[in-house]
Structures are given as C-alpha cells and as structure tokens.
Amino acid sequence: MTQKMRAAVLVEPRRFEIDLRPVPEIQPHEVLVQVARCGVCGTDAHIYDGGFMAHRLPLIPGHEFSGRVVQAGTQSGVTEGIRAVVDINDGCGRCYYCRRGELMNCPTIEQIGIDVDGGFAEYVRAPGHLVIEAPETTPFDVLALTEPVACVVHTASRSGLDPARSVLIIGAGPIGNLHVQMQRLSGAAPIIVAETSSERARLAEAAGADAVISHPEKLLEVVHDMTGGRGVDLAIESVGNTALYQVAQNALRPGGHLAAFGLPPEGSELRLDLLSTVLREYSLMGSVAGPGEAMHRALALLSHHRFETTAFTAATYPLEDIQAAFETLPERPQDLKTQIILNDGL
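Numbered by the numbering used here, the letters in the sequence shown go through residues 3 to 348 in order.
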C-alpha cells in the first residue's frame with residue numbers, strides 16, 4: 003500500500019487544496035476504506051462556504067462515500083476486501099442518549115467528514131462497528147447514496163409511517179427529491195412539492211410528486227384544494243430557510259406535524275403562535291442525519307432499486323477538480339448530486 007494519498011483539504015472557506023497526506027494508520031478496532039466515490043452534500047456546501055463547522059478547518063470533508071475495505075484491524079470484526087459503506091455517526095455508546103437509541107444527541111458524537119477527516123481522499127479511517135458490507139452487484143455510485151437516503155429514511159421513521167397521509171415537501175433539491183421518493187414508498191398521498199427551479203420541479207414530478215408548485219403565492223391554495231381544505235398531515239422543510247419554515251407551518255392541518263430537516267443559519271428563529279399550537283395540537287420535530295438502522299434500511303432500498311438514482315449519479319468530477327465542482331453547484335440545478343470520483347476500479 004502506498005504511504006501517501008491524494009486528499010482534498012478545505013484549508014479555509016471556499017478554498018480546497020489537493021495535498022499528499024499520509025495514509026491513515028488504523029487502530030485494532032478500525033478499518034481503512036479505499037474510497038471509490040464520494041458525494042457532495044448540502045452540508046458540505048455549508049462547510050465550504052464557511053457557514054458551518056468553520057472552526058474545524060483545515061478539514062478533509064466528505065461523508066457520502068463508498069469503497070472497499072483494504073485493511074481491517076484485528077478487533078474490528080470486519081473482513082478485508084468487502085465493498086462497504088460507513089455510518090458516519092460515532093457516539094460514545096454509553097451515555098443516556100446512546101442507550102436510548104438517540105445517537106445524534108450524544109454529547110461526544112463525532113461525524114466522519116464533518117468533525118474528523120472524511121471521504122474526499124483516497125483512503126478514510128473508520129471504526130469497524132460503523133462499517134456495513136455492501137453487495138458486489140451494486141455500483142459504487144449508487145452505494146455512495148446510502149448516507150443521504152438514510153437521512154430521509156430517518157425522517158420518515160421519526161415522523162411515523164402512515165399510509166395515505168398528505169405531505170408537503172418544501173424544496174426539491176437532492177434531499178427534497180429523496181424525501182419525495184421516500185414518502186411515495188411509504189404510501190403518502192397526496193405528495194405536494196414547492197420548488198421554484200423548473201429543472202428540479204420536473205425531476206420532483208418524475209420522482210412521484212402529485213403536484214409541484216413553482217409559484218409561492220399559489221401554494222396554500224393548492225394545499226387546501228388537495229386536502230379538502232384541512233392542510234397537510236406532514237410538512238418537511240428541506241431547504242433551511244426561515245421564511246420557508248413559516249410557509250411549511252402555515253400549510254399544516256390541525257394536529258399536523260412539521261419536520262425540521264433543512265439546515266438554517268445559526269441563530270435562526272421560527273415564530274410560533276403558542277395558543278394556536280396548543281389548541282390545534284401542532285408538533286415540531288427535528289431530524290438530522292441517518293444513523294444506525296437507517297443506514298442498513300437505506301442500503302437495502304438502494305440495492306433493490308427502490309430509488310431512482312440516475313439524476314444523482316450523472317454529474318462527476320475527478321478529485322483534482324473538486325474546487326470547480328463546488329464553485330459550479332449553484333449553476334447546475336439539474337444535477338441533483340455531484341460525486342467526486344476517487345477510484346471506480348476497485
């Protein structure tokens with residue numbers, strides 16, 4: 003094995019440097035994954051812009067990766083040579099929250115590619131208990147979607163699976179499109195999407211949305227027309243915009259649920275009419291990442307072709323062009339996902 007690896011290091015906001023770094027040395031409980039593909043997430047874009055985790059820089063970002071285990075520690079419990087995806091969320095396993103299965107609330111949680119170096123490199127180190135064996139028959143580009151699909155699986159699980167419930171999804175970007183597909187798999191009806199980009203609106207319709215509203219002033223009218231005047235059972239905000247959170251809240255029926263998924267700027271606030279919230283029994287639920295069992299479920303869904311992935315795997319860049327990949331993201335709304343190719347020939 004080579005002693006050096008290529009890595010894209012975000013040295014400061016909006017500036018990557020391609021560097022030669024030592025290949026990580028693993029501990030007995032860890033494995034070394036040679037990365038094949040790594041997707042660009044909206045969280046990565048926030049980190050790139052300096053709006054999130056700036057105190058961690060310099061950092062090798064990237065948490066949507068697939069690859070092959072090339073080295074397994076003696077206490078890792080992992081077999082060398084397998085295709086793999088990795089649950090990036092590593093809690094302590096002992097605290098109150100970890101024992102309750104609320105891993106994301108662990109006070110010492112670390113996320114690969116966010117808190118520690120991640121997948122925009124030829125190799126990444128990971129604890130063995132977070133490694134999930136993947137089928138040899140599933141391509142690496144599809145496997146790299148496991149983490150984002152796990153995020154929407156987690157949201158669906160937390161909000162309760164209820165066939166024929168009405169759903170509004172705000173935003174049809176990458177994660178919004180996956181929310182559409184997940185809700186359709188869960189039996190939601192109708193699925194209404196709010197999206198101003200014509201390209202992403204078209205893709206949301208193709209993904210199974212029953213109505214896609216591109217004119218914000220018409221949204222509430224359509225919601226009420228399609229729900230018998232009640233409002234939706236569930237609204238999912240997947241953009242991270244405070245004003246859009248307010249729109250989502252206004253679209254709820256009495257007793258409806260608002261799933262807060264989009265990552266807003268730090269310090270953002272949502273105004274709540276408390277009397278109305280009490281009397282109408284609204285609920286607000288946060289959902290972040292896709293830890294634990296959500297990763298296994300996501301991998302099963304992808305491996306059995308339950309998600310349409312073509313629009314998520316078409317845009318690819320070599321590692322050396324990662325700066326251009328990030329700079330052009332706003333100009334490519336038709337590309338629901340951008341993937342960085344590290345080594346497709348594993």
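Note that beta-carbon positions come from the ideal geometry of N, C-alpha and C, so glycine has one too.
As the structure is a prediction and not an experimental result, all values here were calculated from the model.
Residue i (DSSP reduced to helix, strand or coil)
i: Leu221; result: helix
i: Glu135; result: strand
i: Ile28; result: coil
i: Ile49; result: helix
i: Met106; result: helix
i: Gly69; result: strand
i: Gly288; result: strand
i: Phe18; result: strand
i: Leu205; result: helix
i: Ala300; result: helix
i: Ala146; result: coil
i: Arg96; result: coil
i: Val118; result: strand
i: Arg101; result: helix
i: Arg160; result: helix
i: Gly44; result: helix
i: Val80; result: coil
i: Glu310; result: coil
i: Pro335; result: coil
i: Thr140; result: coil
One or two residues paired with residue i in a DSSP bridge
i: Ile343; result: Arg39 and Pro320
i: Asn358; result: This structure gives no information on residue 358, because the portion of the chain shown stretches from 3 to 348.
i: Pro129; result: Glu32
i: Val11; result: Glu19
i: Leu170; result: Ile194 and Ala237
i: Ala327; result: Answer is none; Ala327 lacks a bridge partner.
i: Ala74; result: Val33
i: Leu61; result: Leu12
i: Ala86; result: Gly69 and Glu135
i: Ala123; result: Ala9
Span separating the alpha-carbon of residue i from that of residue j
i: Asn91; j: Gly52; result: 22 Å
i: Arg273; j: Leu260; result: 13 Å
i: Ala56; j: Leu246; result: 25 Å
i: Thr37; j: Ala128; result: Just to set this straight, residue 37 is Val in the shown sequence, not Thr. The alpha-carbon atoms of Val37 and Ala128 are separated by roughly 12 Å.
i: Glu310; j: Arg186; result: 12 Å
i: Ile111; j: Gly79; result: 21 Å
i: Arg58; j: Asp117; result: 7 Å
i: Ala166; j: Ile84; result: 40 Å
i: Gln183; j: Val169; result: 12 Å
i: Pro255; j: Glu268; result: The sequence given here has Arg at residue 255, not Pro. When rounded, the distance between both Cα atoms is 28 Å.
i: Ala326; j: Ser159; result: 36 Å
i: Ile215; j: Gln29; result: 51 Å
i: Val144; j: Val151; result: 10 Å
i: Lys250; j: Leu205; result: Looking at the sequence shown, residue 250 is not Lys but Ala. So the two alpha carbons sit approximately 21 Å from each other.
i: Cys94; j: Cys100; result: 7 Å
i: Ala86; j: Leu286; result: 35 Å
i: Gly44; j: Arg334; result: 14 Å
i: Ala203; j: Val195; result: 8 Å
i: Pro60; j: Gly257; result: 45 Å
i: Glu135; j: Val33; result: 12 Å
i: Thr244; j: Val290; result: 17 Å
i: Phe263; j: Glu201; result: 22 Å
i: His306; j: His217; result: 36 Å
i: Leu331; j: Gly41; result: 12 Å
Residue i, buried or exposed, once every other Cβ within 10 Å from all chains shown has been counted against 16
i: Thr198; result: exposed
i: His156; result: buried
i: Pro63; result: buried
i: Thr139; result: exposed
i: Pro293; result: buried
i: Val13; result: exposed
i: Tyr50; result: buried
i: Tyr125; result: buried
i: Gln77; result: exposed
i: Asp227; result: exposed
i: Ala302; result: exposed
i: Thr279; result: exposed
i: Gln5; result: exposed
i: Asp346; result: exposed
i: Asp275; result: exposed
i: Thr340; result: buried
i: Thr315; result: buried
i: Gly162; result: exposed
i: Thr81; result: exposed
i: Thr148; result: buried
i: Asn252; result: exposed
i: His65; result: buried
i: Arg39; result: buried
Residue i: CB within 7 Å of a non-hydrogen atom of the ligand HEM
i: Ala208; result: What this structure holds is no ligand at all, so the ligand HEM is not there to describe.
8 Å Cβ cutoff, residue i in contact with chain D
i: Asp117; result: The structure shown contains no chain D, having only a single protein chain.
Next item on the list: Kindly provide the ranges of any beta strand (DSSP E) runs that are 3 or more residues long and lie completely inside the stretch 209-283, ordered along the chain.
Entry: If one requires a minimum length of 3 residues, the beta strand (DSSP E) runs lying completely within the stretch 209-283 are 213-215, 234-239 and 254-262, in chain order.
Next item on the list: Just list the alpha helix (DSSP H) runs in the stretch 173-198, keeping only unbroken ones of 4 residues or longer that don't cross its boundaries, in chain order.
Entry: Within the stretch 173-198, the complete alpha helix (DSSP H) runs of at least 4 residues are 176-187.
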